[in-house]
Amino acid sequence: MKHVTYAEKSHFLGDEAADTLIEYAAALANADIADSVTLTAIDEHGNTVDATFLLTPSAALLVETSSSDMAEPDNTAAVEQMLQRVSALVDPPSIRPEEHPEPRNDVHDLTMLG
114 MKHVTYAEKS HFLGDEAADT LIEYAAALAN ADIADSVTLT AIDEHGNTVD
164 ATFLLTPSAA LLVETSSSDM AEPDNTAAVE QMLQRVSALV DPPSIRPEEH
214 PEPRNDVHDL TMLG
């Protein structure tokens with residue numbers, strides 16, 4: 114479990130979710146773009162909450178280890194989505210032209226009316 118501080122509020126997230134959140138925030142900052150991510154977290158009162166993090170190049174995000182023995186909230190789907198987005202930002206797919214493009218049959222000969 115890790116302690117995440119964002120916008121002067123603290124939440125507990127599972128280790129993988131917290132580490133992936135900071136990795137995604139860094140990838141977004143390097144690309145100079147923003148995104149938001151909603152994760153299931155535990156607030157300062159011990160309640161399970163949905164926390165939405167707005168990740169911008171200037172966002173201040175702190176992730177610390179914790180000695181908490183609470184059960185980690187499940188963020189499996191959100192972690193997978195963030196990892197896919199990190200991969201797309203860090204190693205975007207290359208665009209290659211077709212070797213032998215097919216002729217277009219949908220282009221019609223247009224004449225100007227005069």
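Taken in order, the sequence shown gives residues 114 to 227; the numbers are from my numbering.
Virtual Cβ for every residue (Gly too), placed ideally from N, Cα, C.
For S200, the enclosing alpha helix (DSSP H) covers residues T189 to V203.
L168 is a Cβ neighbour of A138, given a cutoff of 8 Å. Inter-residue distance for A147 and L202 is about 12 Å (C-alpha atoms, whole angstroms).
DSSP places D128 in the uninterrupted alpha helix (DSSP H) bounded by D128 to A144. In this model, S123 and V117 are separated by some 6 Å (Cα to Cα). Closest option to Q194, judged by alpha-carbon separation, among D163, E121 and V150: V150.
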